[in-house]
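**Q** One structure is given below, represented as structure tokens, and several questions about it will come after.
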Amino acid sequence: MSREKKQALTAEVIHLARAHEAANEAFDEVAREKLGINRTDLRCLNIVENQGPLTAGRLAELSGLTTAAVTSVLDRLERAGYARRVRDSEDRRQVLVEITPLLGERATPIWGPLGEEARAVLMRMPEEKLESLIEFYRLGIELNEKHIDRVRHLDVEWTPIVHTATRRP
13 MSREKKQALT AEVIHLARAH EAANEAFDEV AREKLGINRT DLRCLNIVEN
63 QGPLTAGRLA ELSGLTTAAV TSVLDRLERA GYARRVRDSE DRRQVLVEIT
113 PLLGERATPI WGPLGEEARA VLMRMPEEKL ESLIEFYRLG IELNEKHIDR
163 VRHLDVEWTP IVHTATRRP
């Protein structure tokens with residue numbers, strides 16, 4: 013494969029990955045509206061669902077939120093009935109956060125059909141391509157995690173430029 017072809021394919025992968033992320037965010041925006049929660053709460057629910065029950069401190073680490081912010085998130089999610097705090101059965105001093113059956117009940121009509129269709133598409137793919145996708149996503153996770161800390165520690169703060177509309181007579 014020529015260098016130019018590989019550069020073009022690389023650029024297309026990056027473009028499509030960003031478009032994929034934007035489509036996920038657009039879908040999640042509609043889903044969170046249906047669930048009656050905000051973006052941060054949905055992101056935290058996603059983390060808890062993917063990780064399984066975890067401590068509020070661990071949720072803070074994974075979400076990049078402060079522990080105080082996670083406490084507020086958990087208060088809102090408990091009021092909504094989507095998450096709960098429970099004592100760890102192995103260490104009664106620990107409190108874990110878990111999702112509730114109500115979230116599953118309400119999430120199934122939202123994400124269920126999408127998940128089924130995605131699984132059907134992936135099942136038609138050859139194993140080598142699935143392995144490549146797994147490698148791509150793992151690499152993407154590693155890169156993002158590495159660069160989160162880099163950006164967090166950048167020694168710059170930019171002030172947004174606010175444009176004001178000029179009225180025409």
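Going by the numbering used here, the sequence shown opens with residue 13, and the numbers climb by one from there.
In this text, a Cβ means the ideal position worked out from N, Cα and C, and glycines have one as well.
#1: Would you call the segment 48-55 and the segment 66-73 touching, i.e. three or more CB-CB distances under 8 Å?
#2: Run the CB neighbour count on LEU28, radius 10 Å, all protein chains shown included, and call it buried at 16 or more, exposed below.
#3: I'd like the span of the alpha helix (DSSP H) that includes ARG131, first residue to last.
#4: Just list the residues that DSSP pairs GLU110 with in beta bridges.
#5: According to DSSP, simplified to helix, strand and coil, what is LEU21?
#6: Between ARG55 and ILE153, what straight-line distance do the alpha-carbon atoms span, to the nearest angstrom?
#7: Near VAL60, which residues of its chain fall below 6 Å by C-beta distance, leaving aside the five closest residues on each side in sequence?
#8: With DSSP as the reference, identify every bridge partner of LEU184, one or two as the case may be.
#9: For ALA95, is the classification buried or exposed, using 16 other Cβ atoms within 10 angstroms of its Cβ as the cut-off for buried?
#10: My output table needs one value for SER101: the three-state DSSP class, helix, strand or coil.
**A** For this structure:
#1: The segment 48-55, when compared against the segment 66-73, does not touch it at the 8 Å Cβ threshold.
#2: Exposed, by the Cβ-count rule.
#3: Start and end: 113-135.
#4: In the DSSP assignment, GLU110 forms a beta bridge with ARG96.
#5: Correct three-state label for LEU21: helix.
#6: Per the coordinates, the alpha-carbon of ARG55 lies some 15 Å from the alpha-carbon of ILE153.
#7: If you ignore the 5 residues before and after VAL60, its C-beta comes within less than 6 Å of the C-beta of VAL109 and ILE111, all in its own chain and listed in chain order.
#8: With the chain covering only 13 through 181, there is no way to say anything about residue 184.
#9: So ALA95 counts as buried.
#10: The answer is coil: DSSP assigns SER101 none of H, G, I, E or B.
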